[in-house]
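Participant:
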């Protein structure tokens, strides 16, 4: 600092008025006994530097003019005028401060000082805590894990281990340290009425039990500090021990570090096969071959997948590329599947659905156990042979792959065929909206597919007929509803749902024999269709064929013993049977020889007049 001029600045009046507001530095205890000296006979007092000026020294020490600034260590403060009165520091005024306020002030001061410096880099303790947190989340626990790199084990809840007497039922009896979730007294939430609230305790928020936790991979912490080869070794160990999901996660971590390593993709493919994700496994094998075209193990693995998915020709090609890695049994299976598929194609062209059924079954037995196209073709053959229950079971056994994955693997033409089979299955099982959606998507993928176009027209007609019939039935327009269901049956004559719905209309119209015929047709198409059997039992009861009604009710009760409606119908049928001395023989007609029906509406009258073999008598 330069020397201060001896001339007055003319600010004495302002200093006298505002002198009390001049900010004065806090004096340390070591400055009270220092002598005061004059500098060039000016009213200036020099104080030695205090500990608070250490930061300024550190800043000046790094500057290029540090030698020049060493002379400016002492601060120069102007002496106040004669009219200025200084407040005397009284320690007694601060002795009554609350200890909590003192602690709060100290913490605030420490926080401010901490903000001045750069944040500390995470050390070994932080990395250990992150790894344990990841491990614990993969184990399914959601509590806080506190880890320390110190060798000191503290007492009680302050340590790293939970005490044996804890009330954690989920971890009771576990000797694994990582499976126990210790929390400190500060982090432990206070139970309210025996339950823990979801309030914030410290830095930890207790999540709601109903909130699903996102799966966290253990590899996040490992992949940042481990070699990809080590991750592959760990994945191989998990694969051998049957932990396939963990193995996939470890292989993914290795791929994220080195995506151009073909062996990582091939190993991941094996783990995906064990999880039943065959299409994803095939994609990984394709990627491995793209990275390393002569990777024989990947060729063999992909060929085996092609056999299971019904692509026999591609399987044979990749087996040839496998060299000594080729599996001879799988290669023979591929050739066998190819032979059966060729015969199946010829049988379908001839319209020989029994031959199609035989060849598709042999292909599945030969190794194509996950081929959606072969399963769909077998189901179509069963439908053509009017074996609908077996067709439904076949489609239920077929793997339900995602359509986007199917398009990526089989191409748009193959994926369209899969959608046609699904639309057919949904139509049989009365999922009409799903059938229409599948047929629409099939036509978009392959506009030239005539089967898809025909299926779309058929599904739309059946779905529309069913919807119209239901609306008419709700407003008691049973005759028109019966006609609407009949329009749908013109596109799908063996649709059990439409037949059963039309039987309900016939029952409302009093045409019990026609209703019985529709129920029999529905049960012939689907023998396990319980709704049609219940409606037939009701028709038998109205026709006073109690023996047949009892038999149908007993079959229904074996399937569902708690059905109160069936129990009530069975009791009524048995009671009427005992009154009339009827027989349980279904061939015996327990109904009277003639039946008089009172017609009370125009619709019912028109239906009876048009019915064959019906005599109408007008009573005046």
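Numbering (my numbering), first residue to last: 2 to 621. Glycine is no exception: its CB is placed at the ideal position from the N, C-alpha and C atoms. Keep in mind the model is a prediction, meaning the values are calculated, not measured.
1. I need the straight-line Cα distance from residue 283 to residue 234, nearest angstrom please.
2. Within 8 Å, do at least three Cβ pairs link the segment 392–401 to the segment 339–359?
3. Between the alpha carbons of residue 622 and residue 257, how many angstroms are there, rounded?
4. Quick check for students: name the residue ranges of the alpha helix (DSSP H) that lie wholly in the segment 498–564, counting only runs of 4 or more.
5. Hey, out of 458, 266, 559, whose CA is closest to residue 290's CA?
6. DSSP three-state label for residue 470, please.
7. Whose CA, out of 246, 396, 355, lies closest to the CA of residue 271?
8. I'd like the ranges of any beta strand (DSSP E) spanning at least 3 consecutive residues and lying wholly in the segment 355–434.
9. Between 529, 494, 480, which lies nearest to residue 512 when the distance is taken from Cα to Cα?
10. Spell out a yes or no on whether the segment 421–434 and the segment 375–391 are touching, meaning 3 or more CB-CB pairs, one atom from each, closer than 8 Å.
11. Could you check whether the segment 444–457 touches the segment 409–424, counting it as contact only if at least three pairs of C-beta atoms, one from each stretch, sit closer than 8 Å?
12. Taking residue 283 as part of the alpha helix (DSSP H), name the residues at either end of that continuous run.
13. Looking at the secondary structure, which residues open and close the alpha helix (DSSP H) in which residue 329 lies?
14. Return the residue from the list 505, 457, 495, 490 that minimises the CA-CA distance to residue 474.
15. Say whether the segment 317–327 touches the segment 352–369, bearing in mind that this needs 3 or more beta-carbon pairs closer than 8 Å, one atom from each stretch.
16. If you run the structure through DSSP and keep just helix, strand and coil, what is residue 477?
17. Once DSSP output is grouped into helix, strand and coil, what is the label at residue 495?
18. Measuring only the C-alpha atoms, how far is residue 460 from residue 311?
19. Look at the alpha carbon of residue 376 and the alpha carbon of residue 487, and state the distance between them as a whole number of angstroms.
20. Find out if the Cβ-Cβ distance for the pair residue 516, residue 507 is shorter than 8 Å.
21. Secondary structure at residue 227, three-state DSSP: helix, strand or coil?
22. Does the pairing of the segment 290–301 with the segment 359–370 give three or more beta-carbon distances under 8 Å?
23. Just the C-alpha distance for residue 536 and residue 391, rounded to the nearest angstrom, thanks.
24. In three-state DSSP terms, what is residue 295?
25. Taking all protein chains shown into account, do 16 or more other C-beta atoms lie within 10 angstroms of the C-beta of residue 491, making it buried, or fewer, making it exposed?
26. To the nearest angstrom, how far is it from the Cα of residue 333 to the Cα of residue 369?
27. In whole angstroms, what separates the C-alpha of residue 260 from that of residue 237?
28. Secondary structure at residue 566, three-state DSSP: helix, strand or coil?
29. Quick one: residues in its chain with C-beta nearer than 6 Å to the C-beta of residue 232, no 5 flanking neighbours on either side, listed in chain order?
30. With a CB to CB cut of under 7 Å and the five nearest residues on each side skipped, what residues in its chain are close to residue 348?
31. Under 6 Å Cβ to Cβ from residue 248, same chain only, skipping five residues before and after it: list those, please.
32. When the Cα of residue 374 is compared with those of 543, 307, 277, which residue comes out closest?
33. So, with DSSP's three-state summary, where would you put residue 447?
Facilitator: Judging by the given coordinates:
1. Near 22 Å, if we compare the C-alpha coordinates of residue 234 and residue 283.
2. No, the segment 339–359 does not touch the segment 392–401.
3. Because the chain spans 2 through 621 in this model, residue 622 falls outside it and cannot be assessed.
4. 513–526, 531–543, 547–560
5. 266
6. helix
7. 246
8. none
9. Of the residues 529, 494, 480, the one whose Cα lies closest to the Cα of residue 512 is 480.
10. yes
11. yes
12. 279–292
13. 329–351
14. 505
15. no
16. coil
17. coil
18. 28 Å
19. 31 Å
20. In terms of Cβ geometry, residue 516 and residue 507 form a close pair [threshold 8 Å].
21. coil
22. no
23. 23 Å
24. In the structure shown, residue 295 falls within a coil segment according to DSSP collapsed to helix, strand and coil.
25. exposed
26. In a straight line, the C-alpha of residue 333 is about 12 Å away from that of residue 369.
27. 18 Å
28. In the structure shown, residue 566 adopts helical secondary structure according to DSSP, grouped into three states.
29. 251, 254, 255
30. 356, 357, 360
31. Its chain contains 236, 239, 240, 272 as the residues whose beta carbon lies nearer than 6 Å to that of residue 248, once the 5 sequence neighbours on both sides are disregarded; these appear in chain order.
32. The option with the nearest alpha carbon to residue 374 is 307.
33. coil
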